[in-house]
Amino acid sequence: MAENEGMLQVSSCLLGGIGVSPGIAIGRAFLLDRAKLKPRGRKISSDQVVTEVERFMEAVDGARLELESIKEKTLKKGSVEVVGQHNYIFDVHLMMLKDKMLIDDTITLIKEKKINAEWALNINSAKIIDFFKQMQDAYLRERQSDVEHVSELILRHLSKGEYDSIEKISRGVIVVAHDLSPADTLQLDPNRVKAFVTDLGGRTSHTAIVARSIEIPAVVGSERATEKINGGDRLIVDGIEGKVIVNPSREQLLTYQEKRAQYDKFQAQLILNRDLPAETTDGFRVALAGNIETPEETESIIAHGAANIGLYRTEFLFLNRNNLPSEEEHFLTYKKVAESLPPENTTTIRTFDLGADKIAESEQFHEDTINPALGLRGIRLCLNHQEIFITQIRGILRASHYGKLKIMLPMISGLIELRQAQTIIAEAKAALDREGVPYDHKIPVGVMIEVPSAAIISDKIAREVDFFSIGTNDLIQYTLALDRSNEHVSYLYEPLHPAILRLLHQIITNAQEAEIPVSICGEMAGEPLYTLILLGLGLDKLSMNAISIPHIKQIIRQSSFAEAREMLAESLQMETSADVEKFVAEEMTRRFPETFLMKI
Ligand code: PEP
Ligand code: MG
72 MAENEGMLQV SSCLLGGIGV SPGIAIGRAF LLDRAKLKPR GRKISSDQVV TEVERFMEAV
132 DGARLELESI KEKTLKKGSV EVVGQHNYIF DVHLMMLKDK MLIDDTITLI KEKKINAEWA
192 LNINSAKIID FFKQMQDAYL RERQSDVEHV SELILRHLSK GEYDSIEKIS RGVIVVAHDL
252 SPADTLQLDP NRVKAFVTDL GGRTSHTAIV ARSIEIPAVV GSERATEKIN GGDRLIVDGI
312 EGKVIVNPSR EQLLTYQEKR AQYDKFQAQL ILNRDLPAET TDGFRVALAG NIETPEETES
372 IIAHGAANIG LYRTEFLFLN RNNLPSEEEH FLTYKKVAES LPPENTTTIR TFDLGADKIA
432 ESEQFHEDTI NPALGLRGIR LCLNHQEIFI TQIRGILRAS HYGKLKIMLP MISGLIELRQ
492 AQTIIAEAKA ALDREGVPYD HKIPVGVMIE VPSAAIISDK IAREVDFFSI GTNDLIQYTL
552 ALDRSNEHVS YLYEPLHPAI LRLLHQIITN AQEAEIPVSI CGEMAGEPLY TLILLGLGLD
612 KLSMNAISIP HIKQIIRQSS FAEAREMLAE SLQMETSADV EKFVAEEMTR RFPETFLMKI
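If you use the working numbering, the sequence shown closes out at 671, no skipped numbers anywhere.
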């Protein structure tokens, strides 16, 4: 490896990705990369050598302590077989931290070449990896990944303070990360972070959803962002079209400054319809509601022109902490949301949907599985941990005395789960009655229709609940068999796939026959391209993130229910998703050129 390979180089390039949160941001990159740190190379003076060697040895010690602690935790938790395997790997890595080739040779490089520890480690580990690569023996060849892993661990300890900590993010930066969990994303402060870019991620992942909620532009699934971007690079992030420009030219900067101004003007104009109803030109009204992850977002929902909360994702109350919320905390949180809305408006509280990409730190929730989206998630987890579920239900019921609330159950796949959950709710009510605690005895209980089995038997489910809300994010994920968090299959996210249109039609017809209200609260509800199709389906309500509300309202107000029904009828006759997409895109572009031609 050339010695200057760890040095910063200013080069410009364009990266593609999935624009998941609209807006344009221009700023400097801040690398928050837990997986692959890029060492910054730096020459040091002779009198800095001793301190640099000490800094390196401290990082090696830190890495050793971290490995030992993980090893201990694994020993406590896992099965004998799994523990045996992990232990072996930990031992190999711990041994490497004492290895002469890795440690002593790095120190020699620091001393002889007068370079910083990151640079020296980088040169040295590359040499060792090359050495293992040439081995005939497959087992020995494999050891290169152990060297990579241990070097990255040391680098992480070396770079603490400079990278890798959300709290350390400086003001006005664009965060660049290999991946961000929904819990990490929730911790990003929109006053400090202008935008974020990740290598991984899908269109309807919860990370994308949180980005829209906190209203910062985001591009996910860019695959090579952390490889191509150095900390401090100037970036343009276009969250509308899913582009990232690294070290842009002057012309590019001017173009995007203009595009940003145009986008801001468009948004400011839309917000003017804030207090008008979402009613078509021929008098069909759809209720627009907001999706929130935290009580604080309620204000933004109201400011954007909706007065009901159609989906409160309460699982976010469980994230970024290592204990569980108490009944009192549940009660006070939901009471706060209920009281922040006008008394005639409603908050739909979804009971916690942990699992898949939303993992709470509390030990009870850790499931050792390779396929979490199909594992213990949503209502399955609640029924497996009934004491945690009951605590939440009691909190919701008590809060229902202070404002209109509804209970919504996630991930219901059939009537058995539904009835079990209803029994728990009935028991919680009976207990509150005995204790003389007031609550709304008529609190509606409904379900999310987001598992294909529930959609297929939605006629039967409709007879036993008070309302439906269709979770298109999961319904699409499970029907089309695509992982919603995986950038490689995001091209298969096709809300207009004939199978999805047919299912939506079937669910809505079944709800209407059972005379229960039906809404959509998946991301599809907030995407302007689909508004007329959803309108044509005759939904009662669309629930979405705050920033989408004015735009969707404008499209509804400029359309007629009759034309929406026609567009739907024609789409339902088509054979492929490509046919429907083309037809809908053409129709929408003709009607709303400003939205679909300018891509804002
Ligand atoms: C959905 O699946 O569409 C939904 C609204 O729930 P979530 O995105 O939280 O899974
Ligand atoms: Mg869902």
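Here a beta-carbon is modelled for each residue, glycine too, at the ideal position from N, C-alpha and C.
Roughly how many whole angstroms lie between the Cα atoms of residue 365 and residue 480? Here residue 365 is taken as the residue at index 294 of the sequence shown, counted from 1. Here residue 480 is taken as the residue at index 409 of the sequence shown, counted from 1. Distance between the alpha carbons of residue 365 and residue 480: 18 Å.
Between the alpha carbons of residue 394 and residue 254, how many angstroms are there, rounded? Along the sequence shown, one-based indexing puts residue 394 at 323. Along the sequence shown, one-based indexing puts residue 254 at 183. Taking the CA atoms as reference points, residue 394 sits about 15 Å from residue 254.
Nearest by alpha-carbon distance to residue 639: which of 656, 430, 625, 624 is it? Locating residue 639 in the sequence shown gives position 568, where the first residue counts as 1. Comparing Cα-Cα distances from residue 639 to each of 656, 430, 625, 624, the minimum goes to 656.
Going by DSSP, which residues form a beta bridge with residue 421? Numbered from 1 along the sequence shown, position 350 holds the residue referred to as residue 421. Paired residues: 384, 479.
Can you tell me which residues form a DSSP beta bridge with residue 426? Indexing the sequence shown from 1 puts residue 426 at position 355. According to DSSP, residue 426 bridges with 429.
Coarse secondary structure for residue 312, derived from DSSP in three states: Position 241 of the sequence shown, counting from 1, holds the residue named residue 312. Note: residue 312 maps to coil in three-state DSSP.
Should residue 327 be labelled buried (16 or more other beta-carbon atoms within 10 Å of its own) or exposed? Mapped onto the sequence shown, residue 327 falls at position 256. When all chains shown are included, residue 327 counts as buried.
Own chain residues within Cβ distance below 6 Å of residue 239, not counting five before or after: As a position in the sequence shown, residue 239 is number 168, starting the count at 1. Cβ within range, chain order: n/a, list empty.
Are the CB atoms of residue 385 and residue 417 within a distance shorter than 8 Å? Position 346 of the sequence shown, counted from the first residue, corresponds to residue 417. Position 314 of the sequence shown, counted from the first residue, corresponds to residue 385. Not a contact, by the Cβ cut-off of 8 Å.
Name the DSSP beta bridge partners of residue 298, please? As a first step, residue 298 must be located in the sequence shown, where it is residue number 227. Under DSSP, residue 298 forms no beta bridge with any residue.
Give a yes or no on contact between the stretch 118 to 137 and the stretch 283 to 302, applying the rule of three or more CB pairs nearer than 8 Å. Verdict: no, contact absent.
Per-residue DSSP class, three states only, for residue 536: Here residue 536 is taken as the residue at index 465 of the sequence shown, counted from 1. Coil at residue 536, not helix or strand.
Any heavy atom of the ligand MG closer than 7 Å to the CB of residue 542? Mapped onto the sequence shown, residue 542 falls at position 471. Yes, Cβ of residue 542 sits closer than 7 Å to a heavy atom of the ligand MG.
Segment contact flag, the stretch 460 to 474 with the stretch 487 to 503, C-beta cutoff 8 Å, min 3 pairs: Judged by Cβ distances under 8 Å, the stretch 460 to 474 makes contact with the stretch 487 to 503, as three or more pairs qualify.
Does at least one heavy atom of the ligand ADP sit under 7 Å from the Cβ of residue 521? The model depicted lacks the ligand ADP and carries the ligand PEP and the ligand MG instead.
Per-residue DSSP class, three states only, for residue 379: Here residue 379 refers to the residue found at position 308 of the sequence shown. Three-state result, residue 379: strand.
Note the first and the last residue of the continuous beta strand (DSSP E) segment covering residue 99. For the purposes of this step, residue 99 is taken as the residue at position 28 of the sequence shown. 95 to 102 is the span of the beta strand (DSSP E), which, as asked, contains residue 99.
For residue 266: DSSP bridge partner residues: On the sequence shown, residue 266 is found 195 positions in, with the first residue counted as 1. Residue 266 is bridged by DSSP to 245.
Could you name the residues that DSSP lists as bridge partners for residue 451? Counting from one through the sequence shown, the residue named residue 451 turns up at place 380. Answer is none; residue 451 lacks a bridge partner.
Of the choices 306, 539, 281, whose alpha-carbon is the least far from that of residue 261? Taking the sequence shown and counting its residues from 1, the one referred to as residue 261 is at position 190. Closest by alpha carbon: 281.
Do the CB positions of residue 273 and residue 484 come within less than 8 Å of each other? By one-based count along the sequence shown, residue 273 stands at place 202. By one-based count along the sequence shown, residue 484 stands at place 413. In this structure, residue 273 sits away from residue 484, with a CB-CB distance that is not shorter than 8 Å.
Is it the case that the Cβ atoms of residue 310 and residue 94 are separated by a distance below 8 Å? For this step, residue 310 is matched to residue 239 along the sequence shown. For this step, residue 94 is matched to residue 23 along the sequence shown. In this structure, residue 94 lies closer than 8 Å to residue 310 by Cβ.
Looking only at C-alpha atoms, which of 532, 468, 515 sits nearest to residue 501? Your numbering for residue 501 matches position 430 in the sequence shown. Of the candidates 532, 468, 515, the one whose C-alpha sits nearest the C-alpha of residue 501 is 468.
Please work out which residues of its chain come closer than 6 Å, Cβ to Cβ, to residue 665, disregarding the five sequence neighbours upstream and downstream, and give them in chain order. Locating residue 665 in the sequence shown gives position 594, counting from the first residue. Within the same chain, residue 665 has no close Cβ partners at all.
If I measure Cβ to Cβ from residue 233 and keep anything under 6 Å in the same chain, skipping five residues before and after, which residues do I get? In the sequence shown, residue 233 corresponds to position 162, counting from 1. With a pLDDT of only 49 at residue 233, under 50, the local geometry of the prediction cannot be trusted, and the value read off the model is given with reservation. If we look at residue 233 and ignore the five residues flanking it on each side, it has no Cβ neighbours.
In chain order, what residues of the same chain have a beta carbon less than 7 Å from the beta carbon of residue 406, not counting five sequence neighbours either side? One-based indexing of the sequence shown puts residue 406 at position 335. Closer than 7 Å at the Cβ level, and outside the excluded window around residue 406, lie 470, 473.
Is residue 530 close to the ligand PEP? I mean its beta-carbon at under 7 Å from any heavy atom of the ligand. Your numbering for residue 530 matches position 459 in the sequence shown. The answer is no for residue 530.
What is the C-beta distance between residue 375 and residue 618, in whole angstroms, given that I count them as a contact (C-beta under 8 Å)? The residue given as residue 375 occupies position 304 in the sequence shown. The residue given as residue 618 occupies position 547 in the sequence shown. Indeed, because the Cβ distance is near 7 Å, the residues count as touching under 8 Å.
Continuous beta strand (DSSP E) stretch holding residue 362: start and end: The residue you call residue 362 lines up with position 291 of the sequence shown. Start and end: 358 to 363.
Count the C-beta pairs between the stretch 606 to 613 and the stretch 572 to 587 that are closer than 8 Å, then say yes if the count reaches three, no if not. Short answer: they touch.
Kindly indicate which three-state DSSP category residue 289 falls into: helix, strand or coil? Locating residue 289 in the sequence shown gives position 218, where the first residue counts as 1. Strand at residue 289.
Can you name the start and end residues of the alpha helix (DSSP H) that residue 222 belongs to? In the sequence shown, counting from the first residue as 1, residue 222 sits at position 151. Per DSSP, residue 222 belongs to the alpha helix (DSSP H) from 209 to 229.
What is the DSSP secondary structure of residue 607, counted as helix, strand or coil? Residue mapping note: residue 607 aligns to position 536 of the sequence shown, counting from 1. Correct three-state label for residue 607: helix.
Alpha-carbon to alpha-carbon, residue 518 and residue 72: Working through the sequence shown from its first residue, we reach residue 72 at position 1. Working through the sequence shown from its first residue, we reach residue 518 at position 447. In this prediction, residue 72 has a pLDDT of 35, which is less than 50 and means its spatial position is unreliable; nothing more can be read from the coordinates.
Look at the alpha carbon of residue 320 and the alpha carbon of residue 601, and state the distance between them as a whole number of angstroms. Against the sequence shown, residue 320 aligns to sequence position 249. Against the sequence shown, residue 601 aligns to sequence position 530. Rounded to the nearest angstrom, the two C-alpha atoms are 36 Å apart.
Is residue 106 helix, strand or coil when you go by DSSP? Against the sequence shown, residue 106 aligns to sequence position 35. Confidence at residue 106 is low in this model, with a pLDDT of 47, below 50, so its placement is unreliable and the value that follows should be read with caution. DSSP places residue 106 in coil when its eight states are reduced to three.
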